[in-house]
Amino acid sequence: MKNLKEQRLEEDEAAVAVVQRFSGSQSRELFNNGILSLKMIFQVYYAKSSMRPFIIDKCISVLALSAMLSRVFEASKNLEDEPLHHLIDALCKLSNEAMELAYSNREPSLFAVAKLLETGLANLHRIEFMWRPITNHLLEVCQHPHMRMREWGVEAITYLVQGAFQYHHNHPHLVTEARERLLLEPLSELSRVRHGDVRARQLECAARLLHSRGEQLGAAWPLMVNIVAAISPHHSEQLIRSAFQCCQLVAGDLLGAAGARCLRRVLAAVAAFARQTKDINISLTAVGLMWNISDYLYHNRERLAGALAGEPADRADHADLPHLDRLFMCLYSRLSELCTEPRAPVRRAASQTLFSCIGAHGSLLTPPAWRALLNALFPMLHKVQNLSNVASSEKVDTGEHILIHHTRNTAQKQWAETQVLTLSGVSRVFHSRFALLTTVGDFPRSWAALLDFITDFALRRSHEVSVAALKSFQEVLSAAGRATDTEDGSAGGAQKRVWALAWAAWANIAKGCANLNEDNTGANEENKPTEVYAPSQGFLTTLVQIFPLIFHHIRPTFTPSDVVRLGECLCIVSSVEAVTGLDSLGATPAPVALHALHCLDCLQKEALVRHELLPPTFAALVSLAEAAGNGSGLNSSGRVETGGSPRLRCLSAAAALYRACAKAHPPALKLLLQALHNSIQQCVCDGSRSERRRRSGDQAEEPAQIAALLLQVLATGLPLAREKPELYGQFWDDLPAVLETFMFQPPGGGGESGRELVLLIRSEVLRGASGDGPGSGGPARAAAAALQLVRKGSMLSPPQHNTDNESELRGREEFARTCFETLLQFSMLEDAPALAASQEESDPLAVTALLDRFREVIVKYNQDDVTGDQLARHQLSEISFVLKALATLAASMQRAPPGKVDPPAWHKLIGLYSELVCLAASARAPQAAGAIKEALLQYGALLAPPSAPPP
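What follows is the structure, encoded as structure tokens:
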């Protein structure tokens, strides 16, 4: 029994040894050929002991036959070409039969494939004869749906290719460009196969060749690049990662080995990986590889130029450019395409890389290449513009574990970043290469296109985009200014067009600001409220600050219509409701109108030289004052801005300009008068603000300053208006209403400014109308109206609010006294006939009304004395003034020509005597003793009738 077990154990060990011989053999085809023998081995294992020796002998015989068969295929290297051709053809037919059987899901026979591989490896010395027949059939095998058949096919091709390269490495004298391309063609053709396992084996082979034979690929480099770049959306992430590893190797260490003629293909391959969507990290890394390629082109420019010299243009685009420029343009074109990629991180990386490459290496480009570059950049901007217009405002869904800042949480906001990057990049190109670009053909068209994009982006409802557009505008204008300052005059016409287009673009942006505050609080198609947009104050300020840069270069050609356009633009910008933000120091920005006024300051200097600009300049200043008046003029603490409100500063500038050129533009006086009138009325209407200013100690600052401006303007304009009244007809008609507002309406009326205005009326209006002094001839009608205002002011009235302010009360007293003195001077003496001639009243001087007013005040004073009530400060001042005025009036009536004063006036004057006596006897008489004495003394002459009493 023991002997039987030992015998069976020995038989089993012999069977296992045979199996191990087949499975461990280095030749896989031998294993396939021994399939039948393996079946017999298993029969040995499971057969009866008596039959096992016989079966093992049969298997050994099959193995011997298989080894002899292998030596036959190894010996095929000694065959002539025709017998070898028959051998290969027979193996292909045998393989086709096996493929047909495999279509029915039967286990395929791989004998023919294995022997084709063995035959190919044995005949590498005559590769031109046998290579294509063998590899073409193996390519058909690689497309077979049976996995095992495909595996053997692709393995055979990769072994053949690697073996062929090894053979040529050992026999370098056999290497030719045609052979190099021939060897890699089968591996390249595998890219057409859609099976992932085939693509994986292809990339493994390509990686081994790049690592071991990368420097020796020679003319096969284009095929290798095609292999690496043959990625497809249906490829798995692992396949794309494997291919990209090869691409990194090609675009990195092996870029020099690939040769100058292959660089365009390398760029296309890198761009393909940047566009793939399986792995965004691969896309970003691929964009970085483009910078490496640009740097390689820059540092190896001489060698590349020499290697490409004499090469024909292989592409229709940029065929007129030098070879090195064509390579750069290929790089820039690929990057510009990536700037409009759907994924925001890729767009960002591509934009930054594109303009970094242009900035670092653009100095190598020739003028024709710059023209081609602009032709690539502007379509890119146009596409960014269109894609931004249709971008969604819905929040981007990034999954649960990815957080996005609120400024980038929608596609629209992400495209806003792209707009900023691309426009800023193109502007930097113009800024750094402006002088060169002006020499490029059709530069005006490029300049106009850039300004069109700046205009469109500046009016976007995005703070980020609009402010960036204005910064780009400033950047390109500064470059244009440097180029203009350094030119020798030969390109004057071109520079004029440059600045004319810049002025038009600025005006379009300014006028477009009027639409930025339109009601955008509606709902979108999903009934969700849209965000309300208002431009930032920084945006508006920057826009206004740009104009002086432009005006410096268009000053000689600036026309009156341009001034009108400028005024409209500045008013629009100053009227826009802006979002006020604080800077890093917490300072409050100055109002936009102040910066707009600086623009008009530049214009005033030109208007003083070219008087045809004066009318629209005055109109612009006045309009800006009205637009600025819509704001509060207060800073964040509620106090008046340092130096006055924007409205006041605009009016001050207009007044200063008028004083400098009053004779050159007579209509400006009427315009300024209306502007000052409107401004003081607006101050009066804004009662709440006036109260706030009064409480804060800034009482009536702005009205007083506006009144001072009126005095300056009238002091300059009234003498001219008297000299040529026919030129100032409308001014004389408007003057009385303006004087009434400034003399009587609070807070400035009835004070010091009113008194100064009365003095000005006395010297320039009334005296001129009476014929006293030079330049007489002021309209008597206007003078009579002014005298009526003086008469009104002479009747002192208590303030509208109770006050103990000594200076305010004294100012009102002085105002009333000045009015009364003026009234007496131009009413009852030598000036009276000229004024009375223009009035229809029998008592043009209203002496009777004055006496009635005096009687009313004196009687009220006597009544208060009886009641014993405490008198207010203004009442004491009023009785004192009335007594002095009564004395003056009595003296004037006595000096008046006979018949000048009506009898009722004399009777009223005499009737006041009794009231004065009562006043003198009152307990409060000592407070006004001097005034009572002076008034009573005037009655001494009235105790006898006048020498020629009136009838």
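Heads up: the sequence shown begins at 1 in full-length UniProt numbering, then just goes up one per residue. Positions of the beta carbon are idealized from the N, C-alpha and C atoms, including for glycine.
- Around the C-beta of Pro233, fewer than 16 other C-beta atoms lie within 10 Å, and the residue is accordingly described as exposed.
- Ser623 is positioned such that its CB atom lies no closer than 8 Å to that of Ala593.
- Burial of Leu600 is indicated by the presence of at least 16 other C-beta atoms within 10 angstroms of its C-beta.
- Just so you know, the alpha carbons of Val532 and Val765 end up roughly 55 Å apart.
- Measuring C-alpha to C-alpha distances from Met147 to each of Val564, His552, Met99, Gln276 identifies Met99 as the nearest.
- No Cβ-Cβ contact shorter than 8 Å links Leu254 with Gly288.
- Looking only at Ala305, Arg433, Ala243, the smallest Cα-Cα distance to Ser191 is reached by Ala243.
- With a cut-off of 8 Å on Cβ pairs, the region 358-367 is in contact with the region 421-434, counting three or more such pairs.
- Here Arg132 is exposed, its C-beta having fewer than 16 other C-beta atoms within 10 Å.
- Assignment of alpha helix (DSSP H) within the region 282-347, counting only whole runs of 4 or more residues, yields 301-308, 323-338 in chain order.
- For Lys395, the three-state secondary structure derived from DSSP is strand.
- With contacts defined as CB atoms closer than 8 Å, Pro591 and Pro548 fail to qualify as a contacting pair.
- Shown here for Pro444: same chain residues with a beta carbon closer than 6 Å to its own, the five before and five after excluded, namely Arg497 in chain order.
- The shortest CA-to-CA distance from Val266 to any of Ser294, Leu239, Ile240 is the one to Ser294.
- Around Leu209, the same chain offers no residue with a beta carbon nearer than 6 Å, after the five sequence neighbours per side are excluded.
- Around the C-beta of Leu937, fewer than 16 other C-beta atoms lie within 10 Å, and the residue is accordingly described as exposed.
- For Phe558, there is no enclosing alpha helix (DSSP H), as DSSP marks it with neither H nor E.
- Ranked by Cα distance from Ala707, the options Ile509, Cys247, Leu720, Gly751 are led by Gly751.
- If you look at Leu124, you'll find it isn't in any alpha helix (DSSP H); DSSP assigns it neither H nor E.
- Counting C-beta pairs with one atom in each stretch, the region 377-386 and the region 316-327 have fewer than three that are closer than 8 Å, which means they do not touch.
- Listed in chain order, the non-local C-beta contacts of Leu377 below 6 Å within the same chain comprise Val426, local neighbours out to five positions each way being set aside.
- Here Thr410 carries a strand assignment [DSSP, helix/strand/coil].
- Counting the other CB atoms within 10 Å of its CB gives Val882 a total of 16 or more, which places it among the buried residues.
- In the same chain as Ala655, and ignoring 5 residues on each side of it, the C-beta atoms closer than 7 Å to its own belong to Leu672, Leu709, Gln712, Val713, in chain order.
- Secondary structure of Ser652 (DSSP, three-state): helix.
- Leu648 counts as buried, since at least 16 other C-beta atoms from the protein chains shown sit within 10 angstroms of its C-beta.
- In this structure, Val576 places its C-beta atom within 8 Å of the C-beta atom of Asn517.
- Beyond the five residues adjoining it in sequence on each side, Thr439 comes within less than 7 Å, by CB distance, of Pro367 in the same chain, given in chain order.
- Under the three-state reduction of DSSP, Val225 is assigned to helix.
- Below 8 Å, enough C-beta pairs join the region 146-161 and the region 199-208 to call them touching: three or more.
- Assignment of Val175 by DSSP, reduced to helix, strand and coil, places it in the coil class.
- Annotation: Glu237 to Cys247 spans about 15 Å, alpha carbon to alpha carbon.
- C-alpha of Thr557 to C-alpha of Leu613: approximately 11 Å in a straight line.
- Separation of Val859 and Glu915 (C-alpha to C-alpha, rounded to the nearest whole angstrom) is 7 Å.
- Less than 8 Å separates the beta-carbon of Pro345 from that of Ile280.
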